[in-house]
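Read the structure below first, then the notes.
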Amino acid sequence: MQIGMFQTPFLRPERTPKQVFEWAVRQAVHADKIGFSEYWIGEHGTLNWEGIPSPELVIAAAAAQTENIKFGPLAHLLPYHHPATLAVQTAWLSQVLEGRYMLGVATGAYPTDAALRGITDMSKNHAMMLEAIDIMEKVWKAEPFQLEGEFWNAGFPENNPKKPLRDVRPWGGKMQMAMTGLSAPSPSIAFAGTHGFIPASVYAGNDFLRSHFETYREKMQEAGRESDRSMHRVVRDVIVADTDAEARKLAVDGGIGLAWKEYIKPTYERFGVLPGLLHDASMDPADVDAEYLAEHVWITGSPETVRQKLEAWCGELGGPFGTLLIYSHDYIDAPEAWERSMELLVKEVAPKIGQVSQSVAA
Numbered sequence: 496m497q498i499g500m501f502q503t504p505f506l507r508p509e510r511t512p513k514q515v516f517e518w519a520v521r522q523a524v525h526a527d528k529i530g531f532s533e534y535w536i537g538e539h540g541t542l543n544w545e546g547i548p549s550p551e552l553v554i555a556a557a558a559a560q561t562e563n564i565k566f567g568p569l570a571h572l573l574p575y576h577h578p579a580t581l582a583v584q585t586a587w588l589s590q591v592l593e594g595r596y597m598l599g600v601a602t603g604a605y606p607t608d609a610a611l612r613g614i615t616d617m618s619k620n621h622a623m624m625l626e627a628i629d630i631m632e633k634v635w636k637a638e639p640f641q642l643e644g645e646f647w648n649a650g651f652p653e654n655n656p657k658k659p660l661r662d663v664r665p666w667g668g669k670m671q672m673a674m675t676g677l678s679a680p681s682p683s684i685a686f687a688g689t690h691g692f693i694p695a696s697v698y699a700g701n702d703f704l705r706s707h708f709e710t711y712r713e714k715m716q717e718a719g720r721e722s723d724r725s726m727h728r729v730v731r732d733v734i735v736a737d738t739d740a741e742a743r744k745l746a747v748d749g750g751i752g753l754a755w756k757e758y759i760k761p762t763y764e765r766f767g768v769l770p771g772l773l774h775d776a777s778m779d780p781a782d783v784d785a786e787y788l789a790e791h792v793w794i795t796g797s798p799e800t801v802r803q804k805l806e807a808w809c810g811e812l813g814g815p816f817g818t819l820l821i822y823s824h825d826y827i828d829a830p831e832a833w834e835r836s837m838e839l840l841v842k843e844v845a846p847k848i849g850q851v852s853q854s855v856a857a
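Structure follows, in structure tokens:
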């Protein structure tokens, strides 16, 4: 299992843009140094707990300070960008990073982000995303075309040998793309499978994930592609410390606990996701607090405890998947314990997943 990070970011609204930016870059540099494989950044224009409107700026700043880790927005909200402009910008970033760039795309789920662009009816967002992808893929071919779409007009000019155009193709000639899934069944995960995109699932319970795994497998096979779970990314809260008690305290009393209380839990309730996280369907969501989350939703503990929990979780899902993406949280004022949690996860936990069971079997 690979380990990556999803820098949503879940940072307190009183953090300044400079603090948000510097934290995001610092986390990227640390993640690269300790061996994380990927670093994804969210995009939102209006949300006060998710304060990065331009993930490409974080990626550009971190690119010069990192060597191995791959970057991507998760995701650019396609209805809110002109696709030809975004195609050129993302292709350029892929060239700058020389293979360390992936492009996550989504429809946009928050009405305030839509209203900022004058969109009051979000029912067409999915169709807008599909048209945007079609235009972007045409631009990346760098071949002449002219298109008048339902939502955008775009084209690519004829090349003049006397004044050659800049190369707007992605690094290596093809853009690796990812798509997030927030519902079950998920049309976005289905689209990802049909087109061979990376599927990224936000954890909302095992039934939710199994639905995504199955949808992706079916659509990949229908498209004649070999399917396995190594492509799948799953986002979940994980925190590791030297002891179980230290990890629990760091989560409950720290940035994870605050973000879930003030923002994530209310958001999950609004989107109808919270019930999937409850181990007992009869439980009142009002009783879900940080202690409950630390016991049943987050994965916390010592390296050995977290290893056991991750292996048990994979067993419940019917097997492992490719990359675990952990959320980043607000530990700006005291980052050392949080950054040690990241390091313990990638160095002490991930390499040992499966080793104990394999050695017993042998």
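With positions in the sequence shown counted from 1, the corresponding number in the numbering used here is that position plus 495. C-beta atoms are modelled at their ideal positions from N, C-alpha and C, and glycine is treated no differently.
Item	Value
Quick test of the definition: if touching needs 3 or more C-beta pairs under 8 Å, does the segment 780-796 touch the segment 520-538?	no
Assuming contact is defined by CB atoms lying nearer than 8 Å, are SER823 and ALA736 in contact in what I supplied?	no
Could you tell me if SER852 is buried or exposed, where buried requires 16 or more neighbouring beta carbons within 10 angstroms of its beta carbon?	In this prediction, SER852 has a pLDDT of 41, which is less than 50 and means its spatial position is unreliable; what the coordinates show is noted afterwards. It counts as exposed.
Identify whether VAL697 lies in helix, strand or coil by the three-state DSSP scheme.	strand
Rounded to the nearest angstrom, how far is the Cβ of ASN620 from that of PRO574, given a contact under 8 Å?	5 Å
What does a CB cutoff of less than 8 Å around TYR605 pick up in its chain, not counting 5 residues either side in sequence?	HIS539, THR541 and LEU542
Relative to the C-alpha of GLU593, which candidate in GLY668, ALA649 and GLN641 has its C-alpha closest?	GLY668
Would you call the CB atoms of LEU772 and ALA699 closer than 8 Å?	yes
Please report the Cβ distance between GLY688 and PRO694, rounded to the nearest whole angstrom; I am assuming they are in contact, meaning their Cβ atoms lie under 8 Å.	7 Å
Taking PRO846 as the reference, give the member of GLU638, TRP793 and GLY530 with the closest Cα.	GLY530
Do the CB positions of MET624 and VAL663 come within less than 8 Å of each other?	no
Name the residue from PHE505, TRP647, LEU552 and GLY849 whose alpha carbon lies nearest to the alpha carbon of PHE566.	LEU552
Between the Cα of ARG595 and the Cα atoms of THR615, ALA523 and LYS744, which residue gives the shortest distance?	ALA523
Whole angstroms are fine: how far does the CA of ALA622 sit from the CA of GLN716?	24 Å
Roughly how many whole angstroms lie between the Cα atoms of TRP793 and ASN655?	57 Å
How many Å lie between ARG712 and ILE554 at the Cα?	31 Å
Does the Cβ of GLY546 have 16 or more other Cβ atoms within 10 Å, making it buried, or fewer, making it exposed?	buried
Whole angstroms are fine: how far does the CA of SER696 sit from the CA of ASP723?	15 Å
Among ALA570, ASP527 and ILE628, which has the Cα closest to the Cα of GLY494?	The structure shown does not extend to residue 494, since the chain is modelled only from 496 to 857, so the question has no answer here.
Starting from LEU611, follow the alpha helix (DSSP H) in both directions and report where the run begins and ends.	606-611
In the structure shown, what three-state DSSP assignment does LYS565 receive?	strand
In terms of alpha-carbon separation, which member of ALA610, TRP518, PRO780 and LYS804 lies closest to VAL844?	LYS804
Which residue marks the beginning of the beta strand (DSSP E) containing TYR436, and which one marks its end?	Residue 436 lies beyond the residue range present for the chain, which begins at 496 and ends at 857; the question has no answer from this structure.
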